[in-house]
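Have a look at the structure below before the remarks.
There are 2 protein chains.
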Amino acid sequence: MQEPRAIAAFSSLANQTRLRMLKALVVAAPDGMTAGAVSEAVGASPSRASFHLAKLADTGLVSARRQAREIIYAIDFAAMGALVAFILQDCCSNHAAVRACCGLDEGQSPAKPGSQR
Amino acid sequence: MQEPRAIAAFSSLANQTRLRMLKALVVAAPDGMTAGAVSEAVGASPSRASFHLAKLADTGLVSARRQAREIIYAIDFAAMGALVAFILQDCCSNHAAVRACCGLDEGQSPAKPGSQR
DNA sequence: CTTTCATTTCAAGCTATCTTGAAATAAACT
DNA sequence: AGTTTATTTCAAGATAGCTTGAAATGAAAG
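Taken in order, these protein sequences are the chains called C and V. Here this note's numbering is used: the first residue of the first sequence is 4, the next is one more, and so on. Here this note's numbering is used: the first residue of the second sequence is 4, the next is one more, and so on.
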């Protein structure tokens with residue numbers, strides 16, 4: 004991931020509505036949600052939801068596909084992973100302190116409670 | 004890390020000048036750099052550099068301390084790590100696909116070349 | 001106590017982003 | 001063809017963020 008795309012991705016995440024959309028889409032993964040469902044989930048008008056979903060799709064953090072009358076948005080975990088990799092590698096030069104702070108490098112289990120930090 | 008702080012942090016990273024400052028500060032870690040040095044490193048006027056450094060400091064991604072006439076900025080790796088943790092845990096619910104995409108969960112060595120991805 | 005150096009603060013103008021509601025598109029159904 | 005449902009696009013106004021250069025602060029040195 005290059006700098007311009009990373010900046011666009013960070014910009015996408017720097018908004019409450021979009022962050023909440025993303026969280027809803029994580030819960031709904033890998034199936035995704037219709038634009039209307041996302042709109043309801045975050046309490047935004049259809050037009051406003053469309054605006055923010057378009058931004059998330061532009062940056063590649065989510066994908067969009069039409070299914071009959073509905074448009075289904077789904078999170079792209081690979082893109083999210085690439086963004087994390089950008090922070091870790093490009094920004095922080097793989098500095099151990101950064102990796103340590105997010106509970107990595109000490110075991111493989113993704114969600115072991117209490118083991119992070 | 005809570006949502007508002009994460010949003011502010013993403014906002015900080017969503018800017019070329021600040022991203023480059025951060026990279027310079029990673030290289031200069033853990034000592035840090037004077038505001039003037041950062042200013043030169045990214046090719047920004049003192050006033051512009053001060054504006055962006057203040058933003059980075061506000062969000063806690065960098066720290067500032069006065070040393071005689073100079074002000075020394077240093078990256079806060081813990082804060083960077085907390086932001087990565089926010090993406091991984093709060094945003095992505097520790098989804099394995101995200102962790103996999105950044106070369107984690109397959110070995111502990113932080114910077115082993117060729118082993119990531 | 002004035003000068004010098006490093007940095008910040010301020011005010012102005014500019015650009016980008018967000019919100020709102022109305023109108024347009026797209027697909028299915030009658 | 002006309003209607004309904006789902007979503008996007010558009011235009012307008014509001015808010016936030018960026019850049020610039022000048023003025024102000026803070027700290028050391030003569």
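Think of the CB as a built atom: it goes at the ideal place given N, C-alpha and C, for glycine as much as any other residue.
Rounded separation between aspartate 61 (chain C) and alanine 82 (chain C) - CA only: Numbered from its first residue, the first sequence carries residue 61 (chain C) at position 58. Numbered from its first residue, the first sequence carries residue 82 (chain C) at position 79. Straight-line measurement puts the Cα of alanine 82 (chain C) at about 12 Å from the Cα of aspartate 61 (chain C).
Unbroken alpha helix (DSSP H) run spanning glycine 19 (chain V), endpoints: The residue you call residue 19 (chain V) lines up with position 16 of the second sequence. Note that residue 19 (chain V) is glutamine in the sequence shown, not glycine. From DSSP, the alpha helix (DSSP H) with glutamine 19 (chain V) extends over 19-30.
Meets three-Cβ-pair contact criterion under 8 Å: the segment 70-79 of chain C and the segment 26-41 of chain C: Yes, the segment 70-79 of chain C is in contact with the segment 26-41 of chain C.
Chain C within 8 Å of serine 66 (chain V), Cβ atoms only: Walking along the second sequence from the start, residue 66 (chain V) turns up at place 63. Taking Cβ atoms only, chain C never reaches closer than 8 Å to serine 66 (chain V), which makes this a no.
Span separating the alpha-carbon of proline 95 (chain C) from that of glutamine 5 (chain C): Your numbering for residue 95 (chain C) matches position 92 in the first sequence. Your numbering for residue 5 (chain C) matches position 2 in the first sequence. According to the sequence shown, residue 95 (chain C) is cysteine rather than proline. The alpha-carbon atoms of cysteine 95 (chain C) and glutamine 5 (chain C) are separated by roughly 14 Å.
Cut-off 8 Å between Cβ atoms - residues of its own chain near leucine 22 (chain C), not counting five sequence neighbours on either side: Looking up residue 22 (chain C) in the first sequence gives position 19. Around leucine 22 (chain C), the same chain offers Leu16 as residues with beta carbons nearer than 8 Å, after the five sequence neighbours per side are excluded.
Positions along the segment 79-91 of chain C whose CB lies within less than 9 Å of some CB in chain V: Within the segment 79-91 of chain C, the qualifying residues are Phe80, Ala81, Ala82, Met83, Gly84, Ala85, Leu86, Val87, Ala88, Phe89, Ile90 and Leu91.
Beta-ladder partner(s) of serine 50 (chain C), from DSSP: Walking along the first sequence from the start, residue 50 (chain C) turns up at place 47. Per DSSP, serine 50 (chain C) has no beta bridge partner at all.
Check whether arginine 102 (chain C) and leucine 91 (chain C) have beta carbons under 8 Å apart: Residue 102 (chain C) sits at position 99 when you count from the first residue of the first sequence. Residue 91 (chain C) sits at position 88 when you count from the first residue of the first sequence. Contact: yes.
Buried or exposed by the 16-neighbour rule on C-beta atoms within 10 Å, applied to alanine 71 (chain C): The residue labelled residue 71 (chain C) in the question sits at position 68 within the first sequence. Under this definition alanine 71 (chain C) is an exposed residue.
Amino acids of chain C, ordered along the chain, whose beta-carbon sits closer than 7 Å to that of valine 29 (chain V): What you label residue 29 (chain V) is simply residue 26 of the second sequence in a count that begins at 1. Neighbours of valine 29 (chain V) in chain C, taken as residues at a C-beta separation under 7 Å, are given in chain order as Cys94, Cys95, Ser96 and His98.
Alanine 17 (chain V): contacting residues in chain C (beta-carbon distance under 7 Å): In the second sequence, residue 17 (chain V) corresponds to position 14, counting from 1. Chain-ordered, the chain C residues with CB closer than 7 Å to the CB of alanine 17 (chain V) read Ile10, Phe13, Ser14 and Ala17.
Identity of the residue in V:Ala12, V:Ile10, V:Asn18 and V:Arg51 nearest proline 7 (chain C) by Cα: As a first step, residue 7 (chain C) must be located in the first sequence, where it is residue number 4. Closest option to proline 7 (chain C), judged by alpha-carbon separation, among V:Ala12, V:Ile10, V:Asn18 and V:Arg51: V:Asn18.
Candidates C:Ala67, C:Leu56 and C:Ala11, of which the one nearest threonine 20 (chain C) by Cα: As a first step, residue 20 (chain C) is located in the first sequence; it is residue number 17 there, counting from the start. The alpha carbon of threonine 20 (chain C) has as its nearest neighbour, out of C:Ala67, C:Leu56 and C:Ala11, the alpha carbon of C:Leu56.
Residues near asparagine 97 (chain V) in its chain [Cβ-Cβ closer than 8 Å; skip 5 each side]: Counting from one through the second sequence, the residue named residue 97 (chain V) turns up at place 94. Only residues of its own chain outside the window of five on either side were considered, and among them Leu91 have a CB closer than 8 Å to the CB of asparagine 97 (chain V), listed in chain order.
According to DSSP, residues forming a beta bridge with alanine 85 (chain V): As a first step, residue 85 (chain V) is located in the second sequence; it is residue number 82 there, counting from the start. The secondary-structure analysis by DSSP pairs alanine 85 (chain V) with nothing; it has no beta-bridge partner.
Nearest-angstrom Cα separation, counted from glutamate 73 (chain V) out to glycine 35 (chain V): In the second sequence, counting from the first residue as 1, residue 35 (chain V) sits at position 32. In the second sequence, counting from the first residue as 1, residue 73 (chain V) sits at position 70. Our two residues, glycine 35 (chain V) and glutamate 73 (chain V), have alpha carbons roughly 12 Å apart in a direct line.
Simplified DSSP state of arginine 72 (chain C), which is helix, strand or coil: Position 69 of the first sequence, counted from the first residue, corresponds to residue 72 (chain C). In this structure, DSSP gives arginine 72 (chain C) a state outside helix and strand, which the three-state scheme calls coil.
Neighbour-count burial assignment, phenylalanine 54 (chain C), 16 or more Cβ in a 10 Å radius: Sequence index remark: in the first sequence, residue 54 (chain C) carries index 51 (1-based). Label assigned to phenylalanine 54 (chain C): exposed.
Selection of the segment 30-51 of chain V by Cβ proximity to chain C, strictly under 8 Å: Per Cβ criterion, the list reads Val30 and Ala32.
Alanine 9 (chain C) beta carbon less than 8 Å from that of phenylalanine 89 (chain C): If you number the first sequence from 1, residue 89 (chain C) lands on position 86. If you number the first sequence from 1, residue 9 (chain C) lands on position 6. In contact: phenylalanine 89 (chain C) and alanine 9 (chain C) (Cβ atoms closer than 8 Å).
Status (buried if at least 16 other CB within 10 Å, exposed otherwise) for glycine 84 (chain C): For the purposes of this step, residue 84 (chain C) is taken as the residue at position 81 of the first sequence. Classification of glycine 84 (chain C): buried, given that the 10 Å Cβ count is 16 or more.
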